[in-house]
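Following: one structure in structure tokens, then a few remarks.
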Amino acid sequence: MPMSFNQNVIEEFRANGGRVRGPFEGGDLLLLTTTGARSGRPHTVPLGYVRAEGLLLVVASAAGAPEHPQWYRNLLAHPVVRVEIGAEAFDSAGSGVEAFDTIAVPAEGDRRERLFAAVVRQAPGYGDYQAHTDRELPVVALERPEPPSVSPAPVVRNLADKLLEAHTWLRAQLRYIREEAHAHLPGRPAPLRLQLRQHCLAFCDGLTHHHTGEDTAVFPALARSHPELADVLARLDEQHRAIGRIKEELVALLAGIAVTEPERLRTELDRMSAELEAHLDFEEAELLPVLAGIPFPPTGRASARPAPNGSSPNGSSPNGSAPNGR
């Protein structure tokens, strides 16, 4: 079967350090990998990008089509996305492709208008696309994770370190979105709605990823090698289920965040915080001594023992010619 146009661009991009030939040669291009809203499968598209106000931006133009492209619908469901971009775009050494995870946050209100105007100044083709459709073209900021607050970052030598790394990320993300939620008050600027939603969903995805890794790999392995932990693992399983129920309630609230009562959202986040902190504290007290004896990355016989699944997160060119994948 012949390779699709997009797939040809993707393969050439990866093989040539982010450079492609043909109509997109010299354009600012990246690869965006989203998780399918329904399928749950990865979906990669080549997109033009623009930098403005210190942000990496992509526009869901679909060349002015009447409907949003599929990749945009995907990132609304799963905000953590993978970006691949030529290393030279960051003044990095070498000529390869740099890949990293980001949280995709569509701009709203005055912020969207300001960013779209900045995009059009650099890439006038987007203005033409907007003129050909009644829908407002979404401008999406790809927020790269902040560098570790501790310098240098802690060294991961064993599974205890790996578990603490995942827990540190979860605690930091929950603290951040609780702070955002306190700004989600009547009369405050509207742009916080989607920003808060995307950050909350990214946290929920990370929590699911981490707990699924523990439930399917780590806990069964510990049950086999440390039968004395049976009661502890049963309690941890119960805590996962309780936290999962709160997470599902949060996700349901976020689906209608424009009409959600801010106080209810804050209450659910506070409940999640209390449950999660108690769970993480208990897990660390009970499992860290055992996990400290298992090297990470696994070596030799330890390779049969799974590691905790970490939870840190997974347009057009200026002349309007670069692909805006659908």
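Note that the working numbering gives residue 398 to position 140 of the sequence shown, counting from 1, and the numbers run on in steps of one.
Glycine residues also receive a C-beta, built at the ideal position from the N, C-alpha and C atoms.
All figures in this text were calculated on a predicted structure; none of them were measured in a lab.
Notebook entry, point to check: Looking at C-alpha atoms only, which residue of Arg436, Pro553, Glu535, Val267 is the closest neighbour of proline 304?
Noted result: For the purposes of this step, residue 304 is taken as residue 46 along the sequence shown, with counting starting at 1. Nearest option by C-alpha distance: Val267.
Notebook entry, point to check: Do three or more CB pairs link the stretch 410-428 to the stretch 538-554 at distances below 8 Å?
Noted result: Verdict: yes, contact present.
Margin query: Can you tell me whether arginine 279 is helix, strand or coil according to DSSP?
Written below: Walking along the sequence shown from the start, residue 279 turns up at place 21. Assigned with DSSP and collapsed to three states, arginine 279 falls in coil, not helix or strand.
Margin query: At 3 residues or longer, what runs of the beta strand (DSSP E) sit wholly inside the stretch 276-338?
Written below: Qualifying beta strand (DSSP E) stretches, in chain order: 287-293, 300-306, 308-310, 313-317.
Checklist line | C-alpha distance - glutamate 423 paired with arginine 429, whole-angstrom precision | finding: As a first step, residue 423 must be located in the sequence shown, where it is residue number 165. As a first step, residue 429 must be located in the sequence shown, where it is residue number 171. If I take the Cα positions, the gap works out to 10 Å.
Checklist line | Proximity of alanine 323 and glutamate 342 at Cβ, strictly below 7 Å | finding: For the purposes of this step, residue 323 is taken as residue 65 along the sequence shown, with counting starting at 1. For the purposes of this step, residue 342 is taken as residue 84 along the sequence shown, with counting starting at 1. Taking 7 Å as the Cβ cut-off, alanine 323 and glutamate 342 do not qualify as a contacting pair.
Checklist line | Proximity to glutamine 388 [Cα-Cα], best of Ala321, Glu270, Arg379, Glu519 | finding: Position 130 of the sequence shown, counted from the start, is the residue given in the question as residue 388. Closest by alpha carbon: Ala321.
Check: Which class does aspartate 463 belong to by DSSP, given the choice of helix, strand or coil?
Finding: Here residue 463 is taken as the residue at index 205 of the sequence shown, counted from 1. Reduced to three states, the DSSP call for aspartate 463 is helix.
Check: Using the beta-carbon count (16 or more within 10 Å), is valine 413 buried or exposed?
Finding: Within the sequence shown, residue 413 is the residue found at index 155, counting from 1. Exposed.
Notebook entry, point to check: Is DSSP giving isoleucine 358 helix, strand or coil here?
Noted result: To locate residue 358, count along the sequence shown from 1; it is residue 100. Contrary to the premise, residue 358 reads as phenylalanine rather than isoleucine in this sequence. It is a strand residue.
Check: Using a Cβ-Cβ cut-off of 7 Å (strictly less than) and excluding sequence neighbours within five positions of arginine 331, which residues of its own chain qualify?
Finding: As a first step, residue 331 is located in the sequence shown; it is residue number 73 there, counting from the start. Taken in chain order, the residues that qualify are Ala295.
Margin query: Quick check on this structure: which residue in Ala441, Pro300, Glu506, Phe477 has the alpha carbon closest to the alpha carbon of leucine 465?
Written below: Translated into the one-based positions of the sequence shown, residue 465 becomes position 207. Nearest of Ala441, Pro300, Glu506, Phe477 to leucine 465, Cα basis: Glu506.
Check: Which whole-angstrom value is the C-beta distance of leucine 523 and leucine 534, which I expect to be below 8 Å?
Finding: Stepping through the sequence shown from its first residue, residue 523 is reached at position 265. Stepping through the sequence shown from its first residue, residue 534 is reached at position 276. Under the criterion of beta carbons closer than 8 Å, leucine 523 and leucine 534 do not qualify as touching, at roughly 16 Å.
Next item on the list: Tell me alanine 399's beta-bridge partners as DSSP assigns them.
Entry: If you number the sequence shown from 1, residue 399 lands on position 141. BP columns for alanine 399 point to Leu315, Val363.
Checklist line | For valine 341, the residue or residues it bridges with in DSSP | finding: For this step, residue 341 is matched to residue 83 along the sequence shown. Leu290, Phe358, per the DSSP bridge assignment.
Check: What separation, rounded to the nearest whole angstrom, lies between the Cα atoms of glutamate 541 and glutamate 438?
Finding: Within the sequence shown, the letter at position 283 stands for residue 541. Within the sequence shown, the letter at position 180 stands for residue 438. Between glutamate 541 and glutamate 438, the alpha-carbon positions lie close to 27 Å from each other.
Next item on the list: State the Cα-Cα distance for the pair proline 337 and valine 317, rounded to the nearest angstrom.
Entry: Against the sequence shown, residue 337 aligns to sequence position 79. Against the sequence shown, residue 317 aligns to sequence position 59. If I take the Cα positions, the gap works out to 15 Å.
Checklist line | the stretch 470-490 contacting the stretch 356-370, beta-carbon criterion three pairs below 8 Å | finding: Between the stretch 470-490 and the stretch 356-370, the count of C-beta pairs closer than 8 Å stays below three; the two stretches do not touch.
Notebook entry, point to check: Just reading off the alpha helix (DSSP H) that glutamate 541 is part of, what are its end residues?
Noted result: Locating residue 541 in the sequence shown gives position 283, counting from the first residue. Per DSSP, glutamate 541 is one residue of the alpha helix (DSSP H) stretching across 520-549.
Margin query: Is the beta carbon of leucine 421 closer than 7 Å to that of leucine 538?
Written below: Stepping through the sequence shown from its first residue, residue 538 is reached at position 280. Stepping through the sequence shown from its first residue, residue 421 is reached at position 163. Against a cut-off of 7 Å, the Cβ pair of leucine 421 and leucine 538 comes out as no contact.
Item checked: Enclosing alpha helix (DSSP H) for valine 490 [first to last residue] -> Mapped onto the sequence shown, residue 490 falls at position 232. If you look at valine 490, you'll find it in the alpha helix (DSSP H) that goes 488-513.
Next item on the list: Out of Thr525, Ala376, Ile501, state which residue places its alpha-carbon closest to the alpha-carbon of tyrosine 307.
Entry: Counting from one through the sequence shown, the residue named residue 307 turns up at place 49. Of the candidates Thr525, Ala376, Ile501, the one whose C-alpha sits nearest the C-alpha of tyrosine 307 is Ala376.
Next item on the list: Classify proline 327 as buried or exposed, calling it buried when 16 or more other Cβ atoms lie within 10 Å of its own Cβ.
Entry: One-based indexing of the sequence shown puts residue 327 at position 69. Buried is the call here.
Notebook entry, point to check: In this structure, does DSSP put proline 478 in helix, strand or coil?
Noted result: Here residue 478 is taken as the residue at index 220 of the sequence shown, counted from 1. Reduced to three states, the DSSP call for proline 478 is helix.
Note to self: I need the boundaries of the alpha helix (DSSP H) containing aspartate 419, first residue and last residue.
What the structure shows: In the sequence shown, the residue the question calls residue 419 occupies position 161. Start and end: 417-440.
Check: Quick one: Cα of alanine 460 to Cα of arginine 451, how far?
Finding: Position 202 of the sequence shown holds residue 460. Position 193 of the sequence shown holds residue 451. Spanning the two alpha carbons is a distance of roughly 14 Å.
Margin query: Rounded to whole angstroms, what is the Cα-Cα separation between leucine 313 and aspartate 392?
Written below: Indexing the sequence shown from 1 puts residue 313 at position 55. Indexing the sequence shown from 1 puts residue 392 at position 134. Rounded to the nearest angstrom, the two C-alpha atoms are 26 Å apart.
Note to self: Within 10 Å of its beta-carbon, does phenylalanine 554 have 16 or more other beta-carbons around it, so buried, or fewer, so exposed?
What the structure shows: Taking the sequence shown and counting its residues from 1, one reaches residue 554 at position 296. Result: buried.
Next item on the list: Answer with buried or exposed for glycine 298, where buried requires no fewer than 16 other C-beta atoms within 10 angstroms of its C-beta.
Entry: Translated into positions along the sequence shown, residue 298 becomes position 40. Glycine 298 comes out exposed.
Notebook entry, point to check: Quick one: is glutamine 265 buried, meaning 16 or more other Cβ sit within 10 Å of its Cβ, or exposed?
Noted result: The residue you call residue 265 lines up with position 7 of the sequence shown. Exposed, by the Cβ-count rule.
Margin query: Suppose contacts are defined by Cβ-Cβ distances below 7 Å. Is isoleucine 504 in contact with arginine 482 by that definition?
Written below: If you number the sequence shown from 1, residue 504 lands on position 246. If you number the sequence shown from 1, residue 482 lands on position 224. With contacts defined by Cβ atoms closer than 7 Å, isoleucine 504 and arginine 482 do not form a contacting pair.
Next item on the list: From the DSSP output, in three-state form, read off proline 553 for me.
Entry: Residue mapping note: residue 553 aligns to position 295 of the sequence shown, counting from 1. Strand, per DSSP.
Notebook entry, point to check: Given a threshold of 16 other Cβ atoms within 10 Å of its Cβ, counted over all protein chains shown, does alanine 381 qualify as buried or as exposed?
Noted result: In the sequence shown, the residue the question calls residue 381 occupies position 123. By the neighbour-count rule (16 or more Cβ atoms within 10 Å), alanine 381 is buried.
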